[in-house]
Amino acid sequence: MASNEEGALWSILGYLISGLLIWGGIGYGLDHWLNPRHHWFLLVGCLLGMGASIYLVWLRFGRE
Amino acid sequence: MFVSVAPGPGFVPPSTNDFNLPPIFGLNAYTTKPILLVFLSIIVISIFFIAAARKAAIVPGKLQFIGESIYAFVRKDLAEEIIGHGFLQFVPFLFTLFTFVLVNNVFGIIPFLQFPAMSHVSFPYVLAGFSYFIFHSIGIKKQGIGKYLKGIAFLPGVPKFAYILLTPIEIATYFFIRPVTLSLRLFANMFAGHLLLLVFIGGGNYMLHDSHLFMKILSPFSFGFGIAMTFFEFMVQCLQAYIITLLSALFIAGALVDEH
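In order, the protein sequences belong to chains S and V. Using this note's numbering, the first residue of the first sequence is number 1, and each one after it goes up by one. Using this note's numbering, the first residue of the second sequence is number 65, and each one after it goes up by one.
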């Protein structure tokens, strides 16, 4: 099962990256569009994306 | 304040310019070293495996043993273990991918060849493109396009509101992040490894030809580190060939299984 575990490792990395990129990117876009004084949407988007991707990793690999 | 750097022949650190090699035959722009190395790798792989398989004996000779070990590694440890049922049709692709990447990577440390073609990003892009095309088309063929896309976008057993958060991540992972990570990982490792060797060996060479005796005495350390890094590179090169094959097998396996 070693190969499968190693595969899971790389898939998890992919999820974490894409969660951060997608929601962080949406936040960045909102910042750009709505133009608030600070980059609040970027911050919220990154945190949301990170949380969502960790949740997704748990859904895919954590629950048996 | 600012110390101005003395003009003249100083040490020129290796840069991306060292990867843009001029055409070997002046006439056309396509006969560069990486291209020729890729062709050479195909010839080497073909000759090796034809020679290994030609006199297939029950008690294998040395050559046959090596050839069969590599084949058995890809078939058993990668294809069968990860893909499982119906793995046999993917063995040719995975085996080709593995040997092609392996030989091209190892070219990076073979004297006189000494250039990994995968340090040019377009080669890994093409390989990742093959992998991308294969695992998506397998998934669509096996499950039908609607069911396949639904399986990607909507994970079962999740409260409905969570889909707002999760669906964009899933779609991005399957369609954008996967091919990018697949190709960039291979590219970045080969690029950085080659640059590292250039730094230590080029630096040692520069120190050896420096006018200060002190520098000359210290130059063997740089060469020594270059040699150590060469062994390290060999490990990285094999590992990267393994990882790109492993991930391709994994993506194919994911497309075949319709539980998600």
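A virtual CB, placed ideally from N, CA and C, is assigned to each residue, including glycine. Since this is a predicted model, take the numbers as computed values, not measurements.
Which of helix, strand or coil DSSP assigns to residue i
{"i": "Y94 of chain V", "result": "coil"}
{"i": "I134 of chain V", "result": "helix"}
{"i": "S275 of chain V", "result": "coil"}
{"i": "V321 of chain V", "result": "coil"}
{"i": "P87 of chain V", "result": "coil"}
{"i": "G148 of chain V", "result": "coil"}
{"i": "K280 of chain V", "result": "helix"}
{"i": "S18 of chain S", "result": "helix"}
{"i": "S286 of chain V", "result": "helix"}
{"i": "S79 of chain V", "result": "coil"}
{"i": "L101 of chain V", "result": "helix"}
{"i": "V222 of chain V", "result": "coil"}
{"i": "E6 of chain S", "result": "helix"}
{"i": "L60 of chain S", "result": "The sequence shown places Arg at residue 60 of chain S, not Leu. R60 of chain S: helix per DSSP, three-state reduction."}
{"i": "R139 of chain V", "result": "helix"}
Whole-angstrom C-beta distance between residue j and residue i, which should lie under 8 angstroms
{"i": "L329 of chain V", "j": "L230 of chain V", "result": "The requested residue 329 of chain V is not part of the displayed model; chain V covers only 65 to 324."}
{"i": "A236 of chain V", "j": "I22 of chain S", "result": "5 angstroms"}
{"i": "F162 of chain V", "j": "T309 of chain V", "result": "4 angstroms"}
{"i": "F41 of chain S", "j": "G62 of chain S", "result": "That pair is no contact at about 29 angstroms."}
{"i": "Q301 of chain V", "j": "V185 of chain V", "result": "Wrong, their Cβ atoms sit about 17 angstroms apart, outside the cutoff."}
{"i": "M271 of chain V", "j": "L282 of chain V", "result": "6 angstroms"}
Residue i - containing alpha helix (DSSP H), residue span
{"i": "H258 of chain V", "result": "R242 to L272"}
{"i": "F162 of chain V", "result": "V155 to V170"}
{"i": "M50 of chain S", "result": "W40 to V57"}
{"i": "Y196 of chain V", "result": "S186 to Q207"}
{"i": "A121 of chain V", "result": "Run containing A121 of chain V: none; DSSP gives neither H nor E here."}
{"i": "Y238 of chain V", "result": "Note, Y238 of chain V: premise wrong, no alpha helix (DSSP H); not H, not E."}
Outcome for residue i when other beta-carbon atoms lying within 10 angstroms are tallied against a minimum of 16
{"i": "L191 of chain V", "result": "buried"}
{"i": "S68 of chain V", "result": "Any reading at S68 of chain V must be qualified, since the residue scores a pLDDT of 49, below 50, and its modelled position is unreliable; the value itself is stated next. Classification for S68 of chain V: exposed."}
{"i": "P243 of chain V", "result": "buried"}
{"i": "F278 of chain V", "result": "exposed"}
{"i": "A305 of chain V", "result": "buried"}
{"i": "P71 of chain V", "result": "Because P71 of chain V carries a pLDDT of 48, less than 50, the predicted location of this residue cannot be relied on, and no value is offered for it."}
{"i": "L303 of chain V", "result": "exposed"}
{"i": "E5 of chain S", "result": "exposed"}
{"i": "V76 of chain V", "result": "exposed"}
Taking contact to mean 3 or more Cβ pairs, one atom from each stretch, closer than 8 angstroms, check whether the region 95–102 of chain V and the region 162–181 of chain V are in contact.
Touching, per the Cβ criterion.
Determine contact between the region 253–261 of chain V and the region 135–154 of chain V, defined as no fewer than three beta-carbon pairs at a distance below 8 angstroms.
Between the region 253–261 of chain V and the region 135–154 of chain V, the count of Cβ pairs shorter than 8 angstroms is below three; the stretches do not touch.
Using a Cβ distance threshold of 8 angstroms, determine whether the region 15–34 of chain S contacts the region 47–57 of chain S, with at least three qualifying pairs required.
Yes: at least three Cβ pairs fall under 8 angstroms.
I want to know whether the region 202–209 of chain V touches the region 256–275 of chain V - three or more CB-CB distances under 8 angstroms.
No, because fewer than three Cβ pairs between the region 202–209 of chain V and the region 256–275 of chain V fall closer than 8 angstroms, the two stretches do not touch.
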